[in-house]
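Just so we're aligned, residue 1 is where the sequence shown starts under full-length UniProt numbering, counting upward by one.
Glycine residues also receive a C-beta, built at the ideal position from the N, C-alpha and C atoms.
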Amino acid sequence: MEGFEQFCGGEFWNDTLIIDNTWPQFTDCFMHTALIWVPCGFLWLLLPVYISSVHEHATNVSNPMTCVSMTRLFCCIALVLLSFVTLILRTDGKASSRSLAAFLGDGIDIATYVVMGVLSQYERIKGAQPRAVAFFFWLLSSLCAVVPFYTMIVQKTYEDDLLSFVVLTLSLVLRILGLVLTGFNDTQGGSEYKRVGPMPCPETTCSFPSYLFYWWMTSLVIKGYKKDLEENELWELPPQDQTTTQVPKFEKMWKEEQRRCALINSKLLIPGADKLDLTSVEPVHNGVADMNGATSQATEKTSLLAKQTPGGGYSTNLTPPEGKDRKYPSLLRVIVRLYGWPFMVSFVQKVIADLIFLSTPLLLGVLMSLLSERLPGKEWQAYLVSLVIFLCIPVKSLVFAHSMFRSSRIGIQIKSTFVSAVYNKALTMNNAARNAATVGEIVNLMSVDAQRIQDLFNIFFFAMTTPIQIIVSIVLLYLTIGPSIIVGVILLACLIPLNSYVASKQRTLQNNCLKFKDTRIRMFNEILNGIKVLKLYAWEPSFREKIRSVRAKEVGILLKLAFLNTIMSLSWDMAPYLVTLVTFATYVLWDRNSYLDPGKAFVSLSLFNLLRPPLTLISSMIMYTIQAQVSIKRINRFLVSDDLDPNAVNRDDSAAPHILKSQQKANLSPEWNIYWDRNSSPSLTNINLEVEDGMLVAVVGPVGCGKSSLISAILGEMEVLKGTVTTRGTNGLRPQQAWIQNATLRDNVLFGKPYDRSKYNHVLEACELERDLTILSAGDMTEIGEKGINLSGGQKQRVSLARAVYSERDVYLFDDPLSAVDSHVGKAIFKKVIGPTGLLQGKTRILVTHGVHWLPMVDEIIVMQDGKISERGSYEALLSHNGPFAQFLKTFLTEVAEESTDDGDNDPQVREILERIREKVENVTSDGASSGEELYDVRRRRRRSTLRSDVDDRQHSRKMSRRELDESTAISIVPNKDAEIAGSVIGKLTTVEALETGKVKREVFGVYGRAAGMLAMFTAFFSFCIFQAFSVAANFWLNNWTGIRTF
């Protein structure tokens, strides 16, 4: 210590100079060391963080040299020069101190300000804004310069050493100027500067003071004050809040969690695996580790545990050996890993805010003590304590606001991530998992459960430091009034068993409530999907009662939860008052000499007031935690359900796809067993199918024979337990039920593909959509409603077909694409698109159809029956004998003959083809039994149909068929004149929703009051007034009580 004093030229610290003085005087050693080393050391220690922060926020486009950046550079250069002047003054002996510490301090100042000047220009060159390190450096430097400045003023050093005083004053002014300049942004330079979006959030480019004090929000607040904000006036989300940033991080960590659980389960499933070093083993199919070294890329679509069956299939087994527990991926673990660090920052900020808040009563006690003593010459101490109390409030509010903002941001990020994860999972689930999860449950997971998890973080921010607040408050109370607080602590402990019981009941009720909510949403979804049938049959009352019965059960559970929440809230709301009562009563009654003076009483009351918020939050925290816990388990259970096997279809892309001539084929191996659900019987068995390149293959068979299942199996949407599926190139699907999105007709056809006008027009012409464009109000720019509500069935099928054709795939799968179009339109589409001379000639096409009149024009016919291929071959080969194909045609044509007696819209050429097919079928299938009544009925119906066809031919050219009439009626459902005028856009089906602006009308409050019950509203208001009256009266009573001393 003596060596350090010699280095400083005096003592480092002197309590007498600071406390027993009329002003706070610090030693020269302290001013030459601590007040210089602290800000400079802060900058040097955080220099790597500073540089990395500049790189992270750099735009790599230099900002121009503006007045702000030039002033920053000027401040640094001027401070370097002033430090040199101070150093010269010390050398010449004109300065007050010539110690080694003083010379070293001047040298550190010179080096630090040189580095600061270089960093300011580095920020400008990189296109970044001033960072937090620069702000806190200038703040610390300014505060440390205040001490020697007021020391010179009090000691009147300017009378003897005016030059040193001027240098110090200029140095303080320049430091404050440098601090102020950190709040100004540099002008973004370069025309190549890329914005985040059309209206980027200013938070991404604001300076640190602007971020610290939320100045970047000022423009939006002012705009909102002047006028009602519209959606297009809001900023784009910052990059860290967008799902494109959060979801990939979540998926990466979720895969790692799946791999971790897979390795743990592998130890349970594979004998001796627990003795292996699994850290170097890669999991296969995200399930069992491959001990032979063969690895496979695991994705979120891969089942948890998988193994190859002897037949080469894909099976899942999550059952560990007897007596061992199965390990599932933990969603909570992923949340902690992904958001643990931001949450810890928020937690530290909240702890700092709470400590500042808890220190206020202690500072208040110190202030009251100083005011009561009124020592002469010590008034500055009371002013200093008052200033600290005054600064504690804004500093606490600032740190508190940032902690709350960060916690709310974490909640929003978690909600958006979970919504995306649930949605992505719904697209990859296998059929067994899809049957177990209803639509209502999936909707609730994305809306109710995700929202409850976000709500937890909103309330958890307030309650996450509750234990610290309670412990610190109790310790301070113990130091203030002694052991009397122990009785209050015992009272608080008595509430724990009650709340544990209530929490367990709440958890059970929350599970039941969400189940009823899932049921209600599922029923609503089914009603909305079938609303047309429901209206036609006048089933509204019965379905209304069903929904009301489910809702009544849900409301009953909500009512029970409300009662439990009331009990818990009442117990914790009363706890602070009861603790105050028993503590003060114990303090007074325990010792008759104990005197509760005003200072001790009000300090204790302040501490009890600090204890009240955390105790009040406990009940809300328990409720939200239980809700979030149940929601996390529900989402976790949904995310770990089985997915479709991504390896069910083998992809061979070695041959590059060609647009005009395909080199792809679909190959189904022998003994092919495929399931929709593992728990059910196989949908397809003993399939052996190979489709050559460029072939047109038709798949026919009775209803329910497995035609659509064959298409789904090729797409990998079914589980292959035995056999293999191999395709090359890309697949294009035209499903049986057309999927139409709420967009323009052009967007529905393009489906994200680039717009090629020539190709687009060619596709529309081939798919018979040109006539429809002339009827639609805005042509192909007409908005199509959700599920194609303003299109007919035939139009939806043709739009879906045009989308598949425009996508230019290698293998096309058509699932009955012409079922909803007229016969002559179907003939044209088959000729121009699907047939041998159509747009898709040379492509591999698999056509599932009930239109037997197209079969003579296909390359091969697959006949299916009971999930098996009963017969295959060319049209001529299959009709050469009385096989399954001939029997199918006979049954089908008999049904068509019965329907055609009332339907005259068949195309003449189609009828001619059907007649020839009938003759061949009759020749093939005719025997002794066929010459009887059955064949006579068929020929009679055929003659009747032929007679009517002559009339149809004469009327065909001037009369629209019934289906065409339906189509023209459907497509005429476009916005009326008023809607077009209101929307100012022709062909726009939807209009902008009108929003109410201005003040809330009194009628709205009246509606809420009547809904809640006027008596209940009046009782609540009256109770609140009584509560406030008693709270104020308690303070007056305490004041009178402390003024009475009993002996």
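Asked: Residues near GLN506 in its chain [Cβ-Cβ closer than 7 Å; skip 5 each side]; Found: LEU561, LEU564, MET623 and ILE626
Asked: Cβ distance (whole Å) where ASN185 is taken to contact CYS201 below 8 Å; Found: Their Cβ separation, rounded to whole angstroms, is 14 Å, which puts ASN185 and CYS201 out of contact at 8 Å.
Asked: Stretch pair the segment 386-403 + the segment 421-437: three plus CB contacts closer than 8 Å; Found: no
Asked: Rounded C-alpha distance that separates GLN258 from PRO329; Found: 5 Å
Asked: Cutoff 8 Å; reference THR245; Cβ partners in own chain excluding five residues on either side; Found: PRO239
Asked: At least 3 beta-carbon pairs within less than 8 Å: the segment 111-130 vs the segment 42-61; Found: yes
Asked: Three-way DSSP call (helix, strand, coil) for ALA698 in this model; Found: strand
Asked: Simplified DSSP state of PHE814, which is helix, strand or coil; Found: strand
Asked: Backbone secondary structure at VAL448 - three-state DSSP; Found: helix
Asked: Which of helix, strand or coil DSSP assigns to LYS517; Found: helix
Asked: ILE481 versus PRO467: straight-line alpha-carbon distance, rounded; Found: 21 Å
Asked: Secondary structure, alpha helix (DSSP H): runs of 4+ residues fully inside the segment 767-805; Found: 770-775
Asked: Which of helix, strand or coil DSSP assigns to LYS759; Found: helix
Asked: Three-way DSSP call (helix, strand, coil) for LEU104 in this model; Found: helix
Asked: Residue from LYS515, GLU690, LEU878 and ALA601 with nearest C-alpha to ARG634; Found: LYS515
Asked: Per-residue DSSP class, three states only, for SER280; Found: With a pLDDT of only 40 at SER280, under the threshold of 50, the placement of this residue in the model should not be trusted, and no figure is reported.
Asked: Helix, strand or coil at LYS959 according to DSSP, with G and I counted as helix; Found: Reliability of the predicted coordinates at LYS959 is poor, the pLDDT of 39 falling under 50, and no value is obtained from them.
Asked: Residues bridged to LYS868 [DSSP beta-bridge criterion]; Found: GLN865
Asked: Boundaries of the beta strand (DSSP E) in which ILE740 is found, first to last residue; Found: Neither: ILE740 is in no beta strand (DSSP E) and is coded neither H nor E.
Asked: Identity of the residues DSSP links to THR744 by a beta bridge; Found: GLU783
Asked: Stretch pair the segment 687-701 + the segment 841-857: three plus CB contacts closer than 8 Å; Found: yes
Asked: One or two residues paired with ARG845 in a DSSP bridge; Found: LEU696 and TYR812
Asked: Distance between LYS600 and SER549 (C-alpha atoms, nearest Å); Found: 60 Å
Asked: Reduced DSSP secondary structure (H/G/I, E/B, other) of GLU11; Found: coil
Asked: Own chain residues within Cβ distance below 6 Å of ARG872, not counting five before or after; Found: ILE862
Asked: Where the alpha helix (DSSP H) containing GLY224 begins and where it ends; Found: 218-226
Asked: DSSP state of THR837 mapped onto helix, strand, coil; Found: coil
Asked: Unbroken alpha helix (DSSP H) run spanning GLU1003, endpoints; Found: 1002-1012
Asked: GLU996: first and last residue of the uninterrupted beta strand (DSSP E) it sits in; Found: Premise fails: GLU996 is in no beta strand (DSSP E) and is neither H nor E.
Asked: Burial state of CYS67, where buried means 16 or more other Cβ atoms lie within 10 Å; Found: exposed
Asked: Buried versus exposed, by CB contacts within 10 Å (16 or more), residue 1061; Found: Since the first residue of the chain shown is 1 and the last is 1047, residue 1061 is not available in this structure.
Asked: Assigned exposure category for LYS832 - 16 Cβ within 10 Å defines buried; Found: buried
Asked: Inter-residue Cα distance where the pair is ILE414 and ARG551; Found: 29 Å
Asked: Residue-level contact to chain D via CB, ASN748, 8 Å cutoff; Found: No chain D is present in this structure, which holds just one protein chain.
Asked: Environment of GLY704 [buried if 16+ CB atoms lie within 10 Å]; Found: exposed
Asked: Cβ shell of SER870 (< 6 Å), same chain only, five flanking positions each side left out; Found: VAL863 and PRO884
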